[in-house]
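S.K.: Residue numbers (this note's numbering): 76 to 159.
1) Rounded to whole angstroms, how far is the Cβ of residue 101 from the Cβ of residue 109, which I believe are closer than 8 Å?
2) Give me the residue from 82, 81, 90 with the minimum Cα distance to residue 114.
3) Using the Cα positions of residue 83 and residue 112, report the straight-line distance between them to the nearest angstrom.
4) Grab the span of the alpha helix (DSSP H) containing residue 88 for me, first residue to last.
5) Below 8 Å between beta carbons: does that hold for residue 87 and residue 106?
6) For residue 134, which three-state DSSP category applies?
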């Protein structure tokens, strides 16, 4: 097994401690969706997600992420049309 594959297997194995407090009130399929989504984000290799994964933080610490448009001019907002 190559080093990146071994690292990913270790991350996947240890992801349960992170997902467990978040998914306390979720059904089993919802927990699987949450876990698989997080694994997908990690495997995508996006720099922001990788930086967040590399820096361990306190579980109770809140992480505030400001999503911005690709041109970085204004924050993204949910579309009012999407709700109807």
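Where a beta carbon is used, it is the ideal one built from N, C-alpha and C, also for glycine.
M.R.: Concretely, from the data shown:
1) Sequence index remark: in the chain shown, residue 101 carries index 26 (1-based). Sequence index remark: in the chain shown, residue 109 carries index 34 (1-based). Their Cβ separation, rounded to whole angstroms, is 7 Å, which keeps residue 101 and residue 109 in contact under 8 Å.
2) Taking the first residue of the chain shown as position 1, residue 114 is located at position 39. Out of 82, 81, 90, 90 has the C-alpha closest to the C-alpha of residue 114.
3) Within the chain shown, the letter at position 8 stands for residue 83. Within the chain shown, the letter at position 37 stands for residue 112. Distance between the alpha carbons of residue 83 and residue 112 is about 14 Å.
4) Sequence index remark: in the chain shown, residue 88 carries index 13 (1-based). Where residue 88 is concerned, the enclosing alpha helix (DSSP H) stretches over 78-89.
5) Within the chain shown, residue 87 is the residue found at index 12, counting from 1. Within the chain shown, residue 106 is the residue found at index 31, counting from 1. Not closer than 8 Å, so no.
6) Within the chain shown, residue 134 is the residue found at index 59, counting from 1. For residue 134, the predicted structure reports a pLDDT of 47, less than 50, and the residue's modelled location is therefore unreliable. The matter cannot be settled from this model.
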